[in-house]
Each structure stands twice: as structure tokens, then as C-alpha cells.
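Have a look at the structure below, then the notes.
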């Protein structure tokens, strides 16, 4: 049988890879993709937690499903911002997009 | 070790390896393609683990529609195609250290909890549907509202008007003056 820890370790590994991507990438779209990966890892974690026999609850999967929907909305808005930003600044290099820094 | 567990571990290892390839490759398009395959394999892993509805949604929503959006955004922002523009920071080592630290702490914390060593007990689709349409009915319906609001917002943000064209040109001219 698959153990709960198998799912949790996979989730932790994907999250760590996502963190590396967010920190190491310079293109805004690739940073977004890495954040997406971290979001998937979190959903997997939620589903895994709902599969622990003692705390068994269908709620974990239900909440993860809703999180997927919210994630879809979020990624749409983020990409629209990226496209709009590219139009204005002619770049997606996040080092060059420092409008909010002072 | 049962067949299901072996299959899950195989899928998990493949997912992590492809994800690592996704964050390290120097080609934008290759990175997105690896992202699609990663999310697809994660969906298969959900199916093997018995979370059938979640696996189906993962494949349809993430591997299907979100990556289409990503590819569209990539095509609308033509940076570094073929030019092999550096996609990474200089601080790759520090990023790797941070990721390794998070991985180490999380895995240690997860494995120190005894209840995680139990075999999984997935909820069936029927149970989930009952939960989703009774306890979580309002959040579920609210989700459609969130999606439509996001759609309208996206249309407004990404819209291009003639005033914006003029503004862009003025901005471009101003920047050209600022940076000789």
C-alpha cells in the first residue's frame, strides 16, 4: 500500500524544486511557472493529509479542488499582468522591473 | 512493496526529475513543455493514490488549460527565443541551498509524525461529492464568481486601447531620454 509519507515527501520535493525555480529564475513567466509548481505541491499535501486514516476526511480533497480553481484564476491574472508589463517595459526580466523599489 | 506503491514512487521520482529539469533548462519553451509533463505525471500519481477526481482535475485544469495560457503568454512576450538569453540569476547556488534547507526541514518534520507512516485511506468520489455539495456548497459556488471576476479583470488588464498606445509611446520616448 502507498503510505501517507510517500505523498508528503513527493509534495515536499516538488515544493523545494519550486523554491529553487522562484529564487534562481529571472524571467517573470518562469518564476510564475515555479510558483505554480509550489501550488501543486501544496494541493498534494492537502490531499495527502485527508488520506491519513485517523483524521480521514473528504474535506481535504474538496478544499484542494477549490484551491485548483482559485489557482487557475490567479494564473490568468498573473499572465495578463505579465503581458501588460512586457508591453510597457519591453522586458520580463524581474531584475529590471523594480518600479516598487525605492 | 505493492505494485501500487512501486508505481507511485516511480511516478513521483519522474515528476521530481522533470520538475528539476524544468527549473534548470536554459530554453524557455522546453521549460514550459517540461512543466506540462510534470503536471500530467502528478495527475497520474493522484490517480494511482486513489484521489481520482483530484487527478482528473489536475490533468484537465493544470496540464490542459493553464499551460495553454502559459504558452500564449510566452508567445505574446517574445523575449529570448533562440537567443539563449540567460534565464538564471547569478545566485543559483544560494537558491539551491535554500531549496535544500526547506526540503530537509520539511521531510524531517513530516517523518517525525507517526501518523504519516500509515497506509493511505482515500475518500471515494461519492464521499467527496457529498462533502463538496453540502458542507462546501457556498465556497464551491463562490468559486465560479471568483473565476468570472478574474476573467473580466484579465480582459481589462490585457486590453489595448489607442490611449494606451499613445501613453506607451510617450513612456518609451521618456525612457529613451532617461537612459542614453
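Chains as they are written, first to last, in this note's numbering: chain E, 1 to 102; chain H, 1001 to 1180.
No residue lacks a Cβ here, since even glycine has one placed at the ideal position from N, Cα and C.
Computed from a predicted structure; not experimentally measured.
Is it right to say residue i is buried, meaning 16 or more other beta carbons lie within 10 angstroms of its own, or is it exposed?
i, result
"residue 1043/H", "buried"
"residue 20/E", "buried"
"residue 1116/H", "buried"
"residue 51/E", "buried"
"residue 1136/H", "buried"
"residue 1145/H", "exposed"
"residue 1120/H", "buried"
"residue 1066/H", "buried"
"residue 11/E", "buried"
"residue 1122/H", "buried"
"residue 1105/H", "exposed"
Once the 5 residues before and after residue i are set aside, which same chain residues still bring their CB inside 6 Å of it?
i, result
"residue 1062/H", "1039"
"residue 67/E", "43"
Check whether the Cβ atoms of residue i and residue j sit closer than 8 Å, and answer yes or no.
i, j, result
"residue 17/E", "residue 1013/H", "no"
"residue 79/E", "residue 1070/H", "yes"
"residue 1154/H", "residue 76/E", "yes"
"residue 1076/H", "residue 83/E", "yes"
"residue 7/E", "residue 44/E", "yes"
"residue 1008/H", "residue 1051/H", "no"
"residue 23/E", "residue 1095/H", "yes"
"residue 1028/H", "residue 1074/H", "yes"
Would you identify the three-state DSSP class for residue i, choosing helix, strand or coil?
i, result
"residue 1139/H", "helix"
"residue 93/E", "strand"
"residue 3/E", "strand"
"residue 98/E", "coil"
"residue 1160/H", "coil"
"residue 1088/H", "strand"
Can you find the residues in the same chain that come closer than 7 Å, C-beta to C-beta, to residue i, ignoring five residues on each side of it along the sequence?
i, result
"residue 25/E", "31, 34"
Keeping to the same chain, check which residues put their C-beta closer than 8 Å to that of residue i; ignore five residues upstream and five downstream.
i, result
"residue 1140/H", "1132, 1133"
"residue 85/E", "28, 92, 97"
Residues of the region 71-89 of chain E with Cβ closer than 7 Å to any Cβ of chain H, in chain order: Flagged, chain order: 72, 73, 75, 76, 77, 79, 80, 81, 82, 83, 84, 86, 87, 88.
At a CB distance below 9 Å, what residues from the region 1021-1048 of chain H approach chain E? Give them in sequence order. Residues 1022, 1023, 1024, 1028, 1031, 1032, 1035, 1038, 1039, 1042, 1045, 1046, 1048.
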